[in-house]
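Visitor:
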Amino acid sequence: MDYVVAVLAPQLLHGLVFGAALGLLALGLTVIFGLLGVMNFAHGELYMLGAYAGIAVIGWTHSFWAALVAAPLAVGLIGAVTEVATLRPMYRREPLYGLILTFGLALVFREGVRQIWGGDMRRILPPFTGSTPILGMTYPDYRLFLLAASSALLLAIWLFFTRTRAGIVVRAAVQDAEMLDGLGVDVRRVFTLTFAGSAALAALAGLLLAPVFTVYPQMGVEMILLAFIVVILGGMGSMGGSVVAAFVIGVAQSLFSLWMNPQRVAIAIFGIMIVVLIVRPRGFFGREGVLE
Amino acid sequence: MTWRAALVFAVLAALPGVPGISQYSLLLAFDALLFGAIAMSLDLLIGYTGLVSFGHAAFYGLGAYATAIVLERGVLSLWACLGAAVLVVGAYALVVSYFATARRGIYFALLTLIFAEVVYTFFRYTQTFGGSDGIQGLPDARLWPGAAIDTPLRKYYLVLTYLALAYAVCRLVVTSHFGRVLVAIRENEDRARFLGYSVQRYKMAICMISALLTGLAGAIYPMRSAFATPDLMLWTESGEFIISVMIGGLGTLVGPVIGGAFFTILRDKVSSYVDWYFIVIGVVLIVIVLFMPRGLLGFRRLLGFKQWRATA
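Taken in order, these protein sequences are the chains called A and B. Letter 124 of the first sequence, counting from 1, is numbered 124 in the working numbering, and no numbers are missing. Letter 117 of the second sequence, counting from 1, is numbered 117 in the working numbering, and no numbers are missing.
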């Protein structure tokens, strides 16, 4: 029992916290893939840009909360400009081109950040400290906030896609963009706004996680692989699957690290994915016929 | 095309004789040609078969480690190094290609990427193989006892010979019936299957050829620089191979060689002036994808040259 309270429970919570943030990242990736057919290699860099934009805003305003609003907006704007300027011509081409274009964008963003802020590790302080007793242990308040905020966001996104007209339009565009165009919807604007939204979401995840992790130019590269795994595990194009898979990976990573050293954890995560793909090639909730 | 290739190789062979060529330039040429050979091998998959491998760095790195481990044990034969690379890379590629070719489209790219990341993580954290430092300070390999590959000139000719042989193999592949089936798979996989071809077996075969050629290039790399590090296997390295293919032009053999050489020299030159060369590389890549989707070689068509893509 002591082991459960002192070791297992906090680690499980860590896993949920990380899983929720990973879900935000993977959700953007999966929507963009479903809508634009582009596997966005620059998604990790948008996540990283969120943290750095946060550092900039905190520098001016000394407020984490101001950053939480401004940073995603700024990165969303970057996303919109990027989509219009570079991704638009890619939609009619083979997926290869989108993959490679976003790989180039990732290089530019990463190196650009290194030039502006340097390559050092940085920290963002949590906006509040302290801890709360929960389930017989004390847990840092900021992590609880992170879990609540990410979960609320995931719920909000789900409501957006199921209950609002704008969300339904985006889903319709995933199904059949041409038909939607015929119905008089400006599909190009839907694409741009969706990409901007996905970028803002990634930025938000980056800033929310920054007080827990450290901020450095390579941070996106390390996250994006996990996000890819989440997207594949969940079933490509399935938003619910991405969220479930994000929690599975978050918790698995967290629990494994109790018993293994970090590199074994990484290999175990890859191993899970490979096994799932062999047993269930479409991932948890992948639809039949999509991409197979 | 063959006479033109022969001409290119003749020019390359004469390169060290050009007055004013420094030892440094020869080593840069080594890198350029090695990168070109890898890009050419990768294009068998991307350009000819329509499979985007994001894990070629693992084949490259495994080849390099095979050489490093053999040389470290005091076995200095070039042939032992190459043999070890074929065994190691072949075994790994068999597993990866089996699972990766069972999926289409983006799955192939992601599976090759994730398998490569497993290999990278393994070498990065295994102290037996030097961890993040890799294996350093290797002795020179020998062609036969007494014939050490120890000067930049000899190293250059080693790579040039390899490139010529690899080109011959690739050309044999793409001009054969087998190569035509690959192009058919690229164009319409279902139709190829309905025609009775077991598509996955063809895909696996070309994956193995491409992986082994890349692994052999990897086996040659430590003979220039005397080390193998896990960074050779990082997925950004795979990205650079793809960039080289794109720069040169998909679906040709000579294009990626030019692309690989162009990329290597661009990186060397830009990085000696500014430390933000990745921005330059990234922008070059974006511009090429946007405005020259067929690469430098395909771009010629706009200038009035022949058809860009091998229809073989």
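Beta carbons are placed, not taken as given, at the ideal position from N, Cα and C, and that holds for glycine. Keep in mind the model is a prediction, meaning the values are calculated, not measured.
(1) Using a Cβ-Cβ distance under 7 Å, would A/Ala246 count as near chain B?
(2) Any residues in the stretch 77-88 of chain A with a beta carbon nearer than 7 Å to a beta carbon of chain B? Which ones, in chain order?
(3) State the DSSP-derived secondary structure class of B/Tyr221, mapped to helix, strand or coil.
(4) Report the residue from B/Pro256, B/Ile69, B/Phe30, B/Ala58 whose alpha carbon sits nearest the alpha carbon of B/Ser97.
(5) Please list, in chain order, all residues of the same chain as A/Pro127 whose beta carbon is under 7 Å from its beta carbon, the five residues on each side excluded.
(6) Write down every uninterrupted run of the beta strand (DSSP E) in the stretch 77-164 of chain B whose length is 3 residues or greater and which is fully enclosed by it, in chain order.
(7) With DSSP as the reference, please indicate the residues paired to A/Pro140 in a beta bridge.
(8) Is it right to say A/Leu201 is buried, meaning 16 or more other beta carbons lie within 10 angstroms of its own, or is it exposed?
(9) When you compare only the Cα positions, how much space is there between A/Gly112 and A/Val230?
(10) Between which two residues does the alpha helix (DSSP H) harbouring A/Gly62 extend?
(11) Rounded C-beta distance between A/Ala26 and A/Ser238? I'm assuming under 8 Å.
(12) For chain B, find out if any of its Cβ atoms is closer than 7 Å to the Cβ of A/Met121; answer yes or no.
(13) Going by C-alpha to C-alpha distance, which of A/Leu225, A/Arg165, A/Ala199 sits closest to A/Leu77?
(14) Distance check for A/Val251 and B/Ala310, CA to CA, integer angstroms please.
(15) Got a sec: is the Cβ-Cβ distance from B/Phe278 to anything in chain A below 7 Å?
(16) Kindly indicate which three-state DSSP category A/Arg264 falls into: helix, strand or coil?
(17) Is the CB of B/Leu182 under 7 Å away from at least one CB in chain A?
(18) What did DSSP end up calling A/Arg122 once you bin it into helix, strand or coil?
(19) Helix, strand or coil for B/Ala228 per DSSP?
(20) When you compare the CB of A/Tyr216 with every CB in chain B, is at least one pair closer than 7 Å?
(21) So, is B/Lys155 buried or exposed, given that buried needs 16 or more other C-beta atoms within 10 angstroms?
(22) With burial defined as no fewer than 16 other Cβ atoms inside 10 Å of the residue's Cβ, what is the status of B/Trp144: buried or exposed?
(23) Could you tell me whether any Cβ in chain A is nearer than 7 Å to the Cβ of B/Gly131?
(24) Say whether the stretch 165-180 of chain A touches the stretch 219-228 of chain A, bearing in mind that this needs 3 or more beta-carbon pairs closer than 8 Å, one atom from each stretch.
(25) According to DSSP, is A/Val170 helix, strand or coil?
(26) From A/Arg88 to A/Thr102, what distance separates their C-alpha atoms?
(27) Nearest CA to the CA of B/Val118: which residue from B/Gly105, B/Tyr92, B/Val254, B/Ala141?
(28) If we define contact as Cβ-Cβ less than 7 Å, is A/Leu107 a contact residue for chain B?
(29) Just to confirm my understanding: we take B/Ala13, look at its own chain, exclude 5 residues before and 5 after, and list those with CB closer than 7 Å. What are they?
(30) In or out: B/Gly248 buried (at least 16 other Cβ within 10 Å) or exposed?
(31) DSSP three-state label for A/Val215, please.
(32) Taking buried to mean at least 16 other C-beta atoms within 10 Å of its own C-beta, is B/Trp3 buried or exposed?
(33) Where does B/Tyr167 sit, in a helix, a strand or coil, going by DSSP?
(34) Give the C-beta separation of A/Ala205 and A/Ala71 to the nearest angstrom, bearing in mind that I take them to be a contact with Cβ-Cβ under 8 Å.
(35) Restricting to Cα atoms, I'd like to know which of B/Asp140, B/Met40, B/Ile106, B/Ala211 is closest to B/Gly74.
(36) Please name the residues in the stretch 102-129 of chain B whose beta-carbon is closer than 9 Å to at least one beta-carbon of chain A, in chain order.
Guide: The answer reads as follows:
(1) Residue mapping note: residue 246 of chain A aligns to position 246 of the first sequence, counting from 1. With 7 Å as the cut-off, A/Ala246 does not count as an interface residue toward chain B.
(2) Flagged, chain order: Thr86.
(3) As a first step, residue 221 of chain B must be located in the second sequence, where it is residue number 221. In the structure shown, B/Tyr221 sits in coil (DSSP, three-state: anything other than H, G, I, E or B).
(4) Residue numbering aside, residue 97 of chain B sits at position 97 when the second sequence is read from its first letter. Nearest option by C-alpha distance: B/Ala58.
(5) Looking up residue 127 of chain A in the first sequence gives position 127. These residues qualify, in order along the chain: Phe64, Trp65.
(6) none
(7) Reading the first sequence from its first residue, position 140 is the one you call residue 140 of chain A. A/Pro140 is bridged to A/Ser131.
(8) Indexing the first sequence from 1 puts residue 201 of chain A at position 201. Answer is buried; the Cβ neighbour count reaches 16.
(9) For the purposes of this step, residue 112 of chain A is taken as residue 112 along the first sequence, with counting starting at 1. For the purposes of this step, residue 230 of chain A is taken as residue 230 along the first sequence, with counting starting at 1. Taking the straight line from one Cα to the other gives about 28 Å.
(10) Reading the first sequence from its first residue, position 62 is the one you call residue 62 of chain A. The sequence given here places His at residue 62 of chain A; Gly does not occur at that position. Careful: A/His62 lies outside any alpha helix (DSSP H) and carries neither H nor E.
(11) Within the first sequence, the letter at position 26 stands for residue 26 of chain A. Within the first sequence, the letter at position 238 stands for residue 238 of chain A. Contact between A/Ala26 and A/Ser238 fails: their C-beta atoms lie close to 11 Å from each other, not under 8 Å.
(12) For the purposes of this step, residue 121 of chain A is taken as the residue at position 121 of the first sequence. No - not a single Cβ of chain B is within 7 Å of the one on A/Met121.
(13) Here the question's residue 77 of chain A lines up with position 77 in the first sequence. A/Leu77 has its Cα closest to that of A/Ala199, out of A/Leu225, A/Arg165, A/Ala199.
(14) For the purposes of this step, residue 310 of chain B is taken as residue 310 along the second sequence, with counting starting at 1. For the purposes of this step, residue 251 of chain A is taken as residue 251 along the first sequence, with counting starting at 1. Because the pLDDT of B/Ala310 is 42, which lies under 50, any placement of that residue in the model is unreliable, and the question is left without a value.
(15) Translated into positions along the second sequence, residue 278 of chain B becomes position 278. Closer than 7 Å to some Cβ of chain A, the Cβ of B/Phe278 qualifies, so yes.
(16) Against the first sequence, residue 264 of chain A aligns to sequence position 264. In the structure shown, A/Arg264 sits in a helix (DSSP, three-state: H, G or I).
(17) Mapped onto the second sequence, residue 182 of chain B falls at position 182. No, B/Leu182 does not count as interfacial toward chain A.
(18) Counting from one through the first sequence, the residue named residue 122 of chain A turns up at place 122. Strand, per DSSP.
(19) Counting from one through the second sequence, the residue named residue 228 of chain B turns up at place 228. Residue state for B/Ala228 is assigned as strand, using DSSP reduced to three classes.
(20) Looking up residue 216 of chain A in the first sequence gives position 216. Taking Cβ atoms only, chain B never reaches closer than 7 Å to A/Tyr216, which makes this a no.
(21) One-based indexing of the second sequence puts residue 155 of chain B at position 155. Buried: at least 16 other Cβ atoms inside 10 Å.
(22) Here residue 144 of chain B refers to the residue found at position 144 when the second sequence is read from its first residue. Exposed is the call here.
(23) In the second sequence, the residue the question calls residue 131 of chain B occupies position 131. Taking Cβ atoms only, chain A never reaches closer than 7 Å to B/Gly131, which makes this a no.
(24) no
(25) Along the first sequence, read from residue 1 onward, the residue named residue 170 of chain A stands at position 170. Reduced to three states, the DSSP call for A/Val170 is helix.
(26) By 1-based counting over the first sequence, the position of residue 88 of chain A is 88. By 1-based counting over the first sequence, the position of residue 102 of chain A is 102. Their backbone Cα atoms lie some 12 Å apart in a straight line.
(27) Working through the second sequence from its first residue, we reach residue 118 of chain B at position 118. Checking every option, the nearest Cα to that of B/Val118 belongs to B/Tyr92.
(28) As a first step, residue 107 of chain A must be located in the first sequence, where it is residue number 107. For A/Leu107, the answer is yes, since a Cβ of chain B falls inside 7 Å of its Cβ.
(29) Locating residue 13 of chain B in the second sequence gives position 13, counting from the first residue. Only Leu160 meet the Cβ criterion.
(30) Counting from one through the second sequence, the residue named residue 248 of chain B turns up at place 248. B/Gly248 comes out buried.
(31) Looking up residue 215 of chain A in the first sequence gives position 215. A/Val215: strand per DSSP, three-state reduction.
(32) Stepping through the second sequence from its first residue, residue 3 of chain B is reached at position 3. By the neighbour-count rule (16 or more Cβ atoms within 10 Å), B/Trp3 is not buried but exposed.
(33) As a working note, residue 167 of chain B is residue 167 in the second sequence. Annotated three-state conformation of B/Tyr167 is helix, per DSSP.
(34) Here residue 205 of chain A corresponds to residue number 205 of the first sequence, with the count starting at 1. Here residue 71 of chain A corresponds to residue number 71 of the first sequence, with the count starting at 1. Not a contact, Cβ separation roughly 11 Å.
(35) Residue mapping note: residue 74 of chain B aligns to position 74 of the second sequence, counting from 1. Taking only the C-alpha atoms, the option nearest B/Gly74 is B/Asp140.
(36) Ala102, Arg103, Arg104, Gly105, Ile106, Tyr107, Ala109, Leu110, Leu111, Leu113, Ile114, Phe115, Glu117, Val118, Thr121, Phe122, Arg124, Tyr125, Thr126
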